[in-house]
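Last residue of the sequence shown: number 458 in this note's numbering, and the count goes up by one each step with no gaps. Below is one structure; the comments refer to it alone.
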Amino acid sequence: GRLALRLEPCVGKPHLRASVYGCPSEGARSVWEYMSPKMRADLVAQGKRVPADWEWIGDVETLVLEVTHRTFFIEVLHQSEPYHAVDGQSSVAKFRLEAHLLDLAAMPLESINPLKSACGWNREVRVRPREVLVATALDGFVSSLTDNQSKTEIEWYPPGKGGVAPTEGGCPWSANISGTFSYQVYVQEITDFVGTSGLDYTRSILANENINWLFPPGDFVDIIKPPICPPVYQDGTGQCTSGTCRVCPIDYPGCPKEFLTNCTEVAVNLAKIKKHLNGTTKPLESFMKNPHRYTTWTTCGLVGTSNRLSVKKKVEVRPADADGGWASIPPSLNPAGEAGIWWTQAELTTHEETGRVSIRIEGLEEGRNNVFLVNVVVRDDVTGERAPYNFLTLQMRTAKYEPPELSSQAIALIVGLSVGLGLLIIIFAATALFVHRKRMAKQAQRLRPIKK
């Protein structure tokens, strides 16, 4: 038989290890340890790749142990010491631990959590295309997004859909998935963490000025430096600063810094950041997946660290742990109760052409290139099992005027009009000069003295 252990982090970075000699924290030898530092170091020394499941500290940990003893000592500890609390959350790790005894010959490991192990399932959460800016009567100009147009719709596949279909008999545990599902949506804003270069913000702090429309530096300050962005001098001047913001996208199109029309710096452009990080040892996802702040990739982590969609499909802010969390919201303000609203598939929009379902999120803030982590939890309404999707990093683009891109025909038209206008000006000037000289000649003739 086998003993299967599964540790799901809810808050922080809990870590799993086991022994048959006693508790490792009391001096007993640790026999099994997920992501063992020694094993990791050995793999690196041998030039071998670390297993994919080991890449994210603070994610789900599993151990499958052969039952060779009557007693096992299972221990959960902090991957690192408790850290500074964020948004009033506790800094002590919280987790959910499962332990199952099974015979792998008769019962595959996936059958323990059949929904989480569903075959042929694409777990991507994505945004349906947003409405474009509205054209105006003036060629090349557009109007700002209206409130109705700023609403965002996300979509996803139900379990078992969108992926590679399993071969016949290749997914026997799917028989334990009912097919009746409901969904919960979570939204966590991380705009301040993404941040800006912080140049103007830091200068205002040093000058003891309280300017609430300046935004602090974020996680990418070491990336938006030369050679990706131009240098900034000690006095705060340079290209791609608030004083030269209009030339930044023209002269430095790869620089992720972004500014409003009034040159206020806003959150960096994550699409450009991702392009620069591709192929490096620290991709964009490693910045987004930060258990020191939130856990948006497990079911209990979403409940414990994120905001969620309310009955009105607007973001409902989770009260801090110190205030009681979701349980502290009175029923008059939260009709769905502490558990929150779950949408059945019939209550969502189903898109027959793709097989995805979607829901529209109302009122997401987009005044400064705001960034949100969005995720969905699906529940099997018969068995009660829940499973998370892969979270989406969503950056809203602030509505602002951008110079239109001119086609070759438009450029030819502008050149033609310019040449024609130039010829008209020349003709007008020549005509004016001719008329002026003719008048001067007539006037001189009138003033000629009479001979006696």
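Yeah, the Cβ is synthetic: ideal placement off N, Cα and C, and Gly gets one too.
Cα-Cα separation between residue i and residue j, rounded to whole angstroms
i: H298; j: N396; result: 19 Å
i: T270; j: Q240; result: 19 Å
i: K320; j: P262; result: 29 Å
i: G28; j: V37; result: 10 Å
i: L13; j: F78; result: 16 Å
i: E174; j: Y192; result: 35 Å
i: A333; j: A326; result: 11 Å
i: N268; j: R443; result: 50 Å
i: D206; j: V66; result: 40 Å
i: L1; j: L283; result: Past the boundaries of the shown model lies residue 1; the chain is included only from 7 to 458, so the question cannot be answered.
i: R134; j: L354; result: 14 Å
i: D257; j: N375; result: 21 Å
First and last residue of the uninterrupted alpha helix (DSSP H) at residue i
i: C16; result: That residue, C16, is in no alpha helix (DSSP H); its beta strand (DSSP E) goes 8-17.
i: R299; result: Counting along the chain, R299 falls outside any alpha helix (DSSP H), and DSSP gives it neither H nor E.
i: H282; result: 276-283
i: L266; result: Unbroken run through L266: none, as it is neither H nor E.
i: P43; result: 43-51
i: S292; result: 290-294
i: P255; result: 254-257
i: R209; result: 205-212
i: L308; result: 305-311
Simplified DSSP state of residue i, which is helix, strand or coil
i: N182; result: helix
i: P409; result: Confidence in P409 is poor, its pLDDT being 48 and thus under 50, which makes the residue's placement too unreliable to answer from.
i: G126; result: coil
i: R76; result: coil
i: H21; result: strand
i: S248; result: coil
i: I1; result: The chain is shown only over 7 to 458; residue 1 falls outside these bounds and no answer can be derived.
i: Q351; result: helix
i: L121; result: coil
i: P223; result: strand
i: G168; result: strand
i: H84; result: strand
i: F440; result: helix
i: S424; result: helix
i: L115; result: helix
i: A435; result: helix
i: L71; result: strand
i: R314; result: strand
Whole-angstrom C-beta distance between residue j and residue i, which should lie under 8 Å
i: G201; j: P223; result: 5 Å
i: E159; j: S364; result: 5 Å
i: F226; j: V274; result: 5 Å
i: A24; j: L71; result: 6 Å
i: P164; j: Q351; result: 7 Å
i: G64; j: T301; result: 7 Å
Where the beta strand (DSSP E) containing residue i begins and where it ends
i: I160; result: 158-162
i: S188; result: 187-195
i: D386; result: 377-386
i: L103; result: 100-108
i: V26; result: No beta strand (DSSP E) holds V26; DSSP gives it neither H nor E.
i: Q401; result: 398-401
i: I335; result: Careful: I335 lies outside any beta strand (DSSP E) and carries neither H nor E.
i: S31; result: Segment: none, S31 is in no beta strand (DSSP E) and carries neither H nor E.
i: L36; result: Position check: residue 36 holds Ser in this sequence, whereas Leu was assumed. That residue, S36, is in no beta strand (DSSP E); it is neither H nor E in DSSP.
i: V363; result: 363-367
i: A393; result: 392-394
Residue i: CB within 6 Å of a non-hydrogen atom of the ligand NAP
i: M45; result: Absence of the ligand NAP is noted for the structure shown, with no ligands found whatsoever.
Chain-order list of residues whose beta-carbon lies under 6 Å from that of residue i (same chain, five-residue window excluded)
i: K100; result: C16, V17
i: K167; result: G361
i: F378; result: V193, E195, L400
i: W127; result: P165, G166, G169
i: C251; result: F265, C269
i: V80; result: The sequence shown places Ile at residue 80, rather than the Val named in the question. Excluding positions up to five away in sequence, the list reads A24.
i: L220; result: D206, Y207, S210
Contact set for residue i: own chain, Cβ-Cβ below 8 Å, skip 5 residues either direction
i: T305; result: E14, V383, R392, A393, P394
i: P337; result: G343
i: L121; result: P165, I183, V384, D386, T389, E391, R392, A393
i: Q188; result: Residue identity check: residue 188 is Ser in the sequence provided, not Gln. Cβ neighbours of S188 beyond the five flanking positions: W348, W349, T350, Q351, V384, R385, D387.
Same chain, Cβ closer than 7 Å to residue i, neighbours up to 5 away in sequence not counted
i: P409; result: Because P409 carries a pLDDT of 48, less than 50, the predicted location of this residue cannot be relied on, and the following value inherits that uncertainty. Contacts found: none.
i: G373; result: T404
i: S123; result: E116, W179
i: S316; result: E322, I347
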